[in-house]
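Some notes on the structure that comes next.
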Amino acid sequence: MATGDPLFTFEAVGLVTDGRPRLVDVDLTVADRAVTVVVGASGSGKSTLLRLLNRLEVPTTGTVRFRGQDLESVDVRAHRRRVGMLFQRPTPFAGTVRQNLLVARDGLSDTDSGALLERVGLDDGFLDRPADRLSGGEAQRMCLARTLATMPEVLLADEATSSLDPEATRRLETLALALRDVGIPVIWVTQEPEQIDRIADHAIRVTAGRVEVLS
Amino acid sequence: MNGDVNGLGLLASLILIVIAVGISRWQRLGLEGSILVAVARATGQLLLVGLGLGLVLADDAPLIWSWLWVAGIILFAAVTVQRRAPAIPGLFRVAVVAQVLTAAVSLGVIFGLSIFPLEARTLVPVSGMILGNALSSAVLAARRLVEEFTDKRDELEARLALGCATDDAARPYLRVVLRTAMTPQIESTKAVGLVFLPGAMTGLVLAGVDPLDAVLVQLALMLLILGGVATVSTVVTLGAGRRLFTPDERLVPLLRKSEG
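Residue numbers (my numbering), protein chains in the order written: chain A, 89 to 303; chain B, 13 to 272.
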């Protein structure tokens, strides 16, 4: 890992899909070892910004760097394992919680699986439960455990609490702060500006594809 | 019965169409136009095919004409598959490869093992039966593939985000597609003889062939059709499935929903 480089850097990044500009001339530096909250209305381009960070999108123009390295030149699968992502809706795969964790890391032992579940506030009694029968909050935490199974250096969260009740939301916010405290920076996309007050070390607003640093 | 149908007989069979149109009107289904178009198209197409077959199957016609007929079936089938699932980029080429492989495997077995003699009278109808059934399965596979990749887009992206290779990410969903594409033919093979008498056998019996001989011909064809369906479904599902990912391991833009 290069040291001293920012976590992510956007250099004159633009993205156009179906003739529609989604991001316009973005120059941005995302700090390491922090929770960075990205706020914006629906359709503003904030999720697109996040998806550029793990190559689910690629820029039409400009360069995105991870710890100084141009993402054009990375091994995409290895990069995605370094930069974990939690999606807007929980995405449990068919099968048990154990099988879900094994998709992320082949050969994961039950002890390690249990430790991952414990880290997100679940216990190893969940291992044999069908993943698609968990509650919304449990499923999203299971998805976080699954993402953490790849041992990521960064966590991207794309409106990860938008489908959760307030209690489950608070729990996930606490987990994000705990990850930051153990050295895993979090980039947290949301439509709820109040999450800036609750968890942000830095905040960015995206409006119609343009980015503004708030703090 | 000698299998001949005269004009009067054909007209008599139209009574059933009159009944179908009557039911549609009675129940206000609005299908009268579709039924009449279907009858007119079937009549026109079959008459054209009959004329063409007359040329291809003539005693002095070279066998290459029959092979050209088979090539025509393959091209028509590939165009049909592409039209039914236009969201899949490059599906035409996948469908051509799938149909060519299906034809090569099936016809290779039939004529390589001398199940039937290689002549126009066997090549054309046997190819039509095998490739026709393969077409239905190919269309089913392609359409189900688009549905599956649209419905399960979030899961697919979650798998990609975990660093899975595209083949690994797609595998669970491709299995569903393959099962969907192959099941109808498996079910119809199970029900053959009990629920319905298949076309070749019916035709042979109507033409006066001994029923047991007709059964043996039909059995050989059914097994080859099942093999053809398995081949075409596999090639279309795996081939088209790969085209739903970009070379840098993302889902193709066509399938993305609008994002925040």
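Every residue gets a Cβ at the ideal spot worked out from N, C-alpha and C, and that includes glycine. Predicted, not measured: the structure shown is a model, and the values here were computed from it.
### Query
Is there a Cβ from chain A that is less than 8 angstroms from the Cβ of E167(B)?
Indexing the second sequence from 1 puts residue 167(B) at position 155. By this cut-off, E167(B) is an interface position.
### Query
Quick one: Cα of G133(A) to Cα of T162(B), how far?
Walking along the first sequence from the start, residue 133(A) turns up at place 45. Walking along the second sequence from the start, residue 162(B) turns up at place 150. Their backbone Cα atoms lie some 21 angstroms apart in a straight line.
#### Entry: Spatially closest choice to R121(A) from T278(A), R268(A) and V299(A), by CA coordinates
Numbered from its first residue, the first sequence carries residue 121(A) at position 33. With distances taken between Cα atoms, R121(A) lies closest to R268(A).
### Cβ of P265(B) within 8 angstroms of any chain A Cβ
Taking the first residue of the second sequence as 1, we reach residue 265(B) at position 253. By this cut-off, P265(B) is an interface position.
### Task
Say yes only if the C-beta of Q228(A) is nearer than 7 angstroms to one or more non-hydrogen atoms of the ligand PLP, and no if none qualify.
This structure simply doesn't include the ligand PLP, nor any ligand for that matter.
### Query
Where A233(A) and L206(B) are concerned, what is the direct C-alpha to C-alpha distance, given to the nearest angstrom?
Residue mapping note: residue 233(A) aligns to position 145 of the first sequence, counting from 1. Residue mapping note: residue 206(B) aligns to position 194 of the second sequence, counting from 1. Their backbone Cα atoms lie some 53 angstroms apart in a straight line.
### Task
Go to E320(A), then tell me how far its alpha helix (DSSP H) extends in each direction, as first and last residue.
This structure leaves residue 320(A) out entirely; chain A is present only between 89 and 303.
### Task
Could you check the C-alpha separation between T278(A) and V125(A) for me, to the nearest Å?
The residue labelled residue 278(A) in the question sits at position 190 within the first sequence. The residue labelled residue 125(A) in the question sits at position 37 within the first sequence. Each residue's Cα considered, the two are about 7 angstroms apart.
### Query
Which of the residues in the stretch 231 to 263 of chain B, read from start to end, lie with their CB under 7 angstroms from any CB of chain A?
D260, E261 and R262
### Environment of T257(A) [buried if 16+ CB atoms lie within 10 Å]
Within the first sequence, residue 257(A) is the residue found at index 169, counting from 1. T257(A) is buried by the Cβ-count criterion.
### Query
Going by beta carbon distance, what residues of the same chain come within less than 7 angstroms of L236(B), once the five residues before and after it are set aside?
Numbered from its first residue, the second sequence carries residue 236(B) at position 224. Cβ within range, chain order: S118, V121, I122 and I142.
#### Entry: N- and C-terminal bounds of the alpha helix (DSSP H) containing E167(B)
Indexing the second sequence from 1 puts residue 167(B) at position 155. Per DSSP, E167(B) belongs to the alpha helix (DSSP H) from R165 to A173.
### Task
Identify the contact partners of T179(A) in chain B, using a Cβ-Cβ distance below 7 angstroms as the criterion.
Indexing the first sequence from 1 puts residue 179(A) at position 91. What T179(A) touches in chain B: D166, E167 and A170.
### C-beta neighbour in chain B for R165(A), strict 8 angstroms
Position 77 of the first sequence, counting from 1, holds the residue named residue 165(A). Chain B contact via Cβ: present.
### Query
Relative to the alpha-carbon of G183(A), which residue among V294(A), F214(A), S161(A) and R168(A) has its alpha-carbon at the smallest distance?
Stepping through the first sequence from its first residue, residue 183(A) is reached at position 95. Comparing Cα-Cα distances from G183(A) to each of V294(A), F214(A), S161(A) and R168(A), the minimum goes to F214(A).
### Rounded Cβ spacing between G297(A) and P109(A) (contact assumed at less than 8 angstroms)
In the first sequence, counting from the first residue as 1, residue 297(A) sits at position 209. In the first sequence, counting from the first residue as 1, residue 109(A) sits at position 21. Indeed, because the Cβ distance is near 5 angstroms, the residues count as touching under 8 angstroms.
### Task
Taking only the alpha-carbon atoms, compute the straight-line gap between N145(B) and R207(A) and give it to the nearest angstrom.
On the second sequence, position 133 is the one that residue 145(B) refers to. On the first sequence, position 119 is the one that residue 207(A) refers to. The alpha-carbon atoms of N145(B) and R207(A) are separated by roughly 53 angstroms.
### Residues, ordered as in the chain, of the stretch 94 to 120 of chain A that lie near chain B by beta-carbon distance below 8 angstroms
T105, D106 and R110
### Message
Can you give me the C-alpha to C-alpha distance between F181(A) and D220(A), rounded to a whole angstrom?
### Response
Counting from one through the first sequence, the residue named residue 181(A) turns up at place 93. Counting from one through the first sequence, the residue named residue 220(A) turns up at place 132. In a straight line, the C-alpha of F181(A) is about 7 angstroms away from that of D220(A).
### Message
Give me, in chain order, the residues of the same chain whose beta-carbon lies closer than 7 angstroms to that of T246(B); leave out the 5 immediate sequence neighbours on both sides.
### Response
As a first step, residue 246(B) must be located in the second sequence, where it is residue number 234. Result list for T246(B): L190, in chain order.
### Task
Check each candidate in V114(A), E99(A) and A192(A) and name the one with the smallest Cα separation from T306(A).
The shown model of chain A, from 89 to 303, leaves out residue 306(A), and the question about it has no answer.
#### Entry: Residues sharing a beta bridge with Q187(A), DSSP
Within the first sequence, the letter at position 99 stands for residue 187(A). Answer is none; Q187(A) lacks a bridge partner.
### Query
What residues in the stretch 171 to 184 of chain B have a beta carbon less than 8 angstroms from any beta carbon of chain A?
R171, L172, A173, L174, G175, C176, A177 and P184
### Query
Given S270(B), which residues of its chain have a CB within under 8 angstroms of its CB, disregarding the five upstream and five downstream residues?
For the purposes of this step, residue 270(B) is identified with residue 258 of the second sequence, where counting begins at 1. Summary for S270(B): the model assigns pLDDT 39, below 50, so the residue's position carries little reliability; its value from the coordinates is reported in the next sentence. Result list for S270(B): empty, nothing under 8 angstroms.
### Task
Check whether the Cβ of R169(A) lies closer than 8 angstroms to any Cβ atom in chain B.
The residue given as residue 169(A) occupies position 81 in the first sequence. Chain B, which has a Cβ nearer than 8 angstroms to the Cβ of R169(A), makes this yes.
### Under 8 angstroms between C-beta atoms of A226(B) and M213(B)
Residue 226(B) sits at position 214 when you count from the first residue of the second sequence. Residue 213(B) sits at position 201 when you count from the first residue of the second sequence. Yes. Within cutoff.
### Message
So with CB distances below 8 angstroms, who are the chain B contacts of V191(A)?
### Response
In the first sequence, residue 191(A) corresponds to position 103, counting from 1. Neighbours of V191(A) on chain B, chain order: R171, L174 and C176.
### Where the beta strand (DSSP E) through M173(A) begins and ends
Residue 173(A) sits at position 85 when you count from the first residue of the first sequence. V171 to L174 is the extent of the beta strand (DSSP E) around M173(A).
### Query
By the 10 Å Cβ neighbour count, where 16 or more other Cβ atoms means buried, how is Q197(B) classified, buried or exposed?
The residue labelled residue 197(B) in the question sits at position 185 within the second sequence. The residue is buried, with at least 16 neighbouring Cβ atoms inside 10 Å.
### Interface positions of the stretch 208 to 223 of chain A facing chain B (Cβ-Cβ less than 7 angstroms), listed along the chain
none
### Query
So with Cβ pairs under 8 angstroms, would you call I284(A) a contact of chain B?
Taking the first residue of the first sequence as position 1, residue 284(A) is located at position 196. Output row for I284(A): interface = no.
### Task
Using three-state DSSP, classify E300(A) as helix, strand or coil.
Position 212 of the first sequence, counted from the start, is the residue given in the question as residue 300(A). Three-state result, E300(A): strand.
### Query
What residues match up with F154(A) in a beta bridge as DSSP calls it?
The residue given as residue 154(A) occupies position 66 in the first sequence. In DSSP, F154(A) forms a bridge with F96(A) and Q157(A).
### Task
For T238(A), return the contacting residues in chain B, with the cut-off set at a CB-CB distance below 7 angstroms.
Sequence index remark: in the first sequence, residue 238(A) carries index 150 (1-based). The contacting residues are L174 and G175.
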